[in-house]
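Trainee: Structure incoming, see below.
There are 2 protein chains.
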Amino acid sequence: MTEKQELILETALRLFAKYGFDTTPTSQIAKEAGVSEGLIFRHFTNKDGLMDAILALSDERMSTHVSRIVELTDPLAQVHATIELPAKLFSEEREFWMLQFSLKWQKKYKNQPYQASTHQLELTQLITNAFQKLGYPEPEKEVLFLIMLLDGLSSQLMRQPSDEFIQTILAFIKSKYR
Amino acid sequence: MTEKQELILETALRLFAKYGFDTTPTSQIAKEAGVSEGLIFRHFTNKDGLMDAILALSDERMSTHVSRIVELTDPLAQVHATIELPAKLFSEEREFWMLQFSLKWQKKYKNQPYQASTHQLELTQLITNAFQKLGYPEPEKEVLFLIMLLDGLSSQLMRQPSDEFIQTILAFIKSKYR
DNA sequence: ATAAAAAGTGAGCAATCACTCACATAACTG
DNA sequence: CAGTTATGTGAGTGATTGCTCACTTTTTAT
């Protein structure tokens, strides 16, 4: 990955997150990245290719986070770590994950990111087992419940990202699982 | 509201929900509605005006649903009715509400629909009181929790709209509040 | 050093899109 | 009925956009 390639990806990510994919012209990406427009197409074929490259990074990063949760041995610790995941994602790379979540609603990339990825499935399986070990009578439904909750949490985090708010709500959610 | 005006709105709604606002040309709306393209602009000024007209309907419809919940006297019944709200919205007018939810993530209409409307606030207040009456120690946090949960539920409903799934998950959620 | 491959440029093209406008028809109004 | 307003048409326009391509510069390989 060239220095300019990374620069293009970073800029595209920032602009896509800020203005949306369809409303961000490749000319603007080139301008703000300080490269010629043609270079974008040389490296990423077309505008969709740019998005695909950004999404490929999503999988890598998610993989790291999930494997850290898998490493935990205590099932309750796994559940709590999962609850903390959205806030962690947003604190580390806000724009990147905001783009991910906004994409969930776009038809084009419906089968790509966060939601139905291998890691999502792996995590679901893990937390199902965790709930089972913790003695919950309906672990599958419990996981679905948690997924929905964290989905909504992500949505809240995008609007109200103050540290105080995050800590309060995380503590409250965790208090429901002990 | 003319017959053709309604036809345009319906068609625009369907196409916006299916393909997204930015990627739906006004020419296609006109074509599928069986009217001339110029008529769209005569009635709705510009493409944004079309969207605004659609969003104005959102407020009306939500108002009906919220006032029905307000009319209930039992606080637990209010909570349960709120839990059923997303599924109700989707069963009645799927495309319409899908568009609403997808819009949440678009910068342009961030201050418009579902989320921060008067009715959202009214409902939040109502359910806060309901939780208080039910003896929950932290009613404000409890409401936020429920909002997030229902947000995530909406997201699930869009992907997996089978009746069986909906009934199962609704029953499970409601079993948490009694 | 030289050739070949890769990286980088930017003017320009074809297509698309939101929107206009001159005009036609239909619906009210007195 | 005549006059006025509202509704409806669709070809045309200017601006924008994704993308190409002929070309230059830099890097790599031998």
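In order, the protein sequence lines correspond to chains A and B.
Numbered per our numbering, the first sequence spans residues 32 to 209.
Numbered per our numbering, the second sequence spans residues 32 to 209.
A virtual CB, placed ideally from N, CA and C, is assigned to each residue, including glycine.
(1) When you compare each of B:Ala108, B:Glu68, B:Gln163, B:Pro192 to B:Glu123 by their alpha carbons, which one comes out closest?
(2) Within the 7 Å Cβ cut-off, does A:Phe127 reach chain B?
(3) Give the C-beta separation of B:Phe203 and A:Lys172 to the nearest angstrom, bearing in mind that I take them to be a contact with Cβ-Cβ under 8 Å.
(4) Select from the stretch 71–93 of chain A all residues with a C-beta closer than 9 Å to any C-beta belonging to chain B, and list them in chain order.
(5) Let me know the alpha helix (DSSP H) ranges lying completely inside the stretch 42–110 of chain A, each 4 residues or longer, listed in chain order.
(6) Name the chain B residues whose beta carbon is nearer than 8 Å to that of A:Thr54?
(7) I need the straight-line Cα distance from A:Lys205 to A:Glu115, nearest angstrom please.
(8) Once DSSP output is grouped into helix, strand and coil, what is the label at A:Leu181?
(9) In three-state terms, what does DSSP make of B:Lys119?
(10) Classify A:Lys164 as buried or exposed, calling it buried when 16 or more other Cβ atoms lie within 10 Å of its own Cβ.
(11) Report the neighbours of B:Ile200 on chain A: residues whose CB is nearer than 9 Å to its CB, in chain order.
(12) Taking Cβ positions, are B:Leu40 and B:Ala87 nearer each other than 7 Å?
(13) For a test of the three-state rule: what should DSSP assign to A:Lys205, helix, strand or coil?
(14) Does any residue of chain A bring its CB to less than 7 Å from the CB of B:Phe203?
(15) Let me see if you follow: with CB-CB separation under 7 Å, is A:Gln151 close to chain B or not?
(16) Do A:Ser185 and A:Phe127 come within 7 Å of each other at the CB atom, strictly closer than that value?
(17) Say whether the stretch 97–112 of chain A touches the stretch 156–170 of chain A, bearing in mind that this needs 3 or more beta-carbon pairs closer than 8 Å, one atom from each stretch.
(18) With DSSP collapsed to three states, give me the class of B:Met189.
(19) Considering only their Cβ atoms, is the gap separating A:Glu153 from A:Val97 smaller than 7 Å?
(20) Are the Cβ atoms of A:Met93 and A:His150 separated by less than 7 Å?
(21) List, in chain order, every chain B residue whose beta-carbon is nearer than 7 Å to that of A:Leu116.
(22) Measuring only the C-alpha atoms, how far is B:Arg99 from A:Ile178?
(23) Go through its chain and collect everything with a Cβ distance to B:Glu198's Cβ below 6 Å, but skip five positions before and after it.
(24) I'd like to check one pair, A:Asp53 with B:Asp79: are the Cβ atoms closer than 7 Å?
(25) Count the other CB atoms within 10 Å of the CB of A:Gly166; is the residue buried (16 or more) or exposed (fewer)?
(26) Excluding five sequence neighbours on each side, which residues of the same chain lie with their C-beta closer than 7 Å to the C-beta of A:Phe75?
(27) For B:Gly65, count neighbouring Cβ atoms within 10 angstroms of its own Cβ and tell me buried if that reaches 16, exposed if not.
(28) When the Cα atoms are used, what is the spatial distance from A:Gly51 to A:Gln59?
(29) Spatial neighbours of A:Leu70 within its chain, please: CB distance less than 8 Å, with the 5 preceding and 5 following residues excluded, ordered by chain position.
(30) For A:Ser186, would you say it is in contact with chain B, using Cβ-to-Cβ distances shorter than 7 Å as the test?
(31) Nearest chain B C-beta to A:Gly166 closer than 7 Å, yes or no?
(32) Just checking my contact of B:Pro117 with B:Leu188 at CB under 8 Å: how many whole Å lie between their CB atoms?
(33) A:Lys35 by DSSP, collapsed to three states: which one?
(34) If you measure between the beta carbons of A:Phe47 and A:Leu130, is that distance less than 7 Å?
Mentor: Answer, in terms of the structure:
(1) B:Pro192
(2) no
(3) 5 Å
(4) none
(5) 57–64, 68–75, 78–102
(6) Asp53
(7) 9 Å
(8) helix
(9) helix
(10) exposed
(11) Lys172, Leu175, Phe176, Met179
(12) no
(13) helix
(14) yes
(15) no
(16) no
(17) yes
(18) helix
(19) yes
(20) yes
(21) Going along chain B, no residue has its Cβ under 7 Å from A:Leu116, so there is no contact; the nearest lies around 14 Å.
(22) 29 Å
(23) One detail in the question is off: residue 198 of chain B reads as Gln in this sequence, not Glu. Answer for B:Gln198: no residue qualifies.
(24) no
(25) exposed
(26) Leu81, Ala84
(27) exposed
(28) 13 Å
(29) Lys35, Ile39, Ala61
(30) yes
(31) no
(32) 6 Å
(33) helix
(34) yes
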